[in-house]
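Quick notes on the structure that follows.
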Amino acid sequence: MNTPTNPAPTQNGWRTFGIVVITMFITLSTGYWVVTQYLFPTSFTPVVLSEKDQQQLDQKLQRLGIDIGTGGKSNTGTQKSSKITPGTQKPLEPEAYSEVGASRDIDISEKEFNALLAKNTDLASKLAFDFSDNLASAKLLVNMDPDFPVLGGKTLKVTAGMEIRLVNGKPRAILKGVSVWGVPVPNAWLGNLKNTNLNKEFGEAGGFWQAINEGVEDIEVKEGKLHIKLKE
172 MNTPTNPAPT QNGWRTFGIV VITMFITLST GYWVVTQYLF PTSFTPVVLS EKDQQQLDQK
232 LQRLGIDIGT GGKSNTGTQK SSKITPGTQK PLEPEAYSEV GASRDIDISE KEFNALLAKN
292 TDLASKLAFD FSDNLASAKL LVNMDPDFPV LGGKTLKVTA GMEIRLVNGK PRAILKGVSV
352 WGVPVPNAWL GNLKNTNLNK EFGEAGGFWQ AINEGVEDIE VKEGKLHIKL KE
């Protein structure tokens, strides 16, 4: 009578080895993707408006006296020439100054705001803003100096959020926090400014915050939109 033979241990050994190799490959690939996309991203994808959206933005800017049609990038992402050919620009016509019927409201969408960055600054692939209810958030990529210890030559990802709203007729901007690689920076490292009303803290010192307090009648951040109404 023949005794049944057990499966060769070598076969099971190779199977286990193969599973370990595949698991290690998946883990390393996932880790590399996380590091390159979240810890050390190289750039953001700039916002590009459709032709219709670009026309709407140009109309808003022209109403404010801003003409960006001769420079920057087109809606296809190609560089336009900023050179003005003599004789192609219409001469300005003199007119009496008047504020009658002038609108003091400024409305801009999140997409338009980011497109302006992409079209007119070098921050298109390094800075991006998000508008949600009463909150403006920013993502910034900072290139570290090559001589910086450990992180030299790497790209630092910084995120920040600021609560923006009107309270009792006055603008209020509160820093909600700053994070590096998703790790919140301690309040002490931010000068204890976290959850501080910056308008109230610096509004009497002159400069930017005082100008905001004295010049803005209404401000509202909603999902994807920013609304500002200026005082007379």
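Be aware that the sequence shown starts at 172, since it is given in this note's numbering, and climbs by one per residue.
Don't be surprised by glycine CBs; every beta carbon is placed ideally from N, CA and C.
Under the three-state DSSP convention, the category residue i falls into
{"i": "residue 267", "result": "coil"}
{"i": "residue 289", "result": "helix"}
{"i": "residue 393", "result": "strand"}
{"i": "residue 384", "result": "helix"}
{"i": "residue 361", "result": "helix"}
{"i": "residue 282", "result": "helix"}
{"i": "residue 316", "result": "coil"}
{"i": "residue 400", "result": "strand"}
{"i": "residue 245", "result": "Unreliable placement is indicated for residue 245, whose pLDDT of 43 sits below 50; no coordinate value is reported for it."}
For residue i, the first and last residue of its enclosing alpha helix (DSSP H)
{"i": "residue 332", "result": "Not the alpha helix (DSSP H): residue 332 falls in the beta strand (DSSP E), residues 326–338."}
{"i": "residue 370", "result": "369–373"}
Option in the options with minimal Cα separation from residue i
{"i": "residue 279", "options": "312, 396, 366, 400", "result": "396"}
{"i": "residue 368", "options": "339, 311, 346, 309", "result": "346"}
{"i": "residue 386", "options": "304, 317, 337, 318", "result": "337"}
{"i": "residue 381", "options": "355, 312, 342, 269", "result": "342"}
{"i": "residue 388", "options": "403, 325, 356", "result": "403"}
{"i": "residue 223", "options": "283, 317, 309, 288", "result": "283"}
{"i": "residue 373", "options": "384, 312, 287", "result": "384"}
{"i": "residue 325", "options": "302, 274, 316, 229", "result": "316"}
{"i": "residue 327", "options": "353, 348, 306", "result": "353"}
{"i": "residue 371", "options": "307, 285, 339", "result": "339"}
Which residues DSSP lists as bridging residue i, in chain order
{"i": "residue 169", "result": "For residue 169 there is no data in the structure shown, the boundaries of the chain being 172 and 403."}
{"i": "residue 355", "result": "350"}
Range covered by the beta strand (DSSP E) that runs through residue i
{"i": "residue 347", "result": "341–351"}
Expected contact under 8 Å - CB spacing of residue i and residue j to nearest Å
{"i": "residue 400", "j": "residue 276", "result": "5 Å"}
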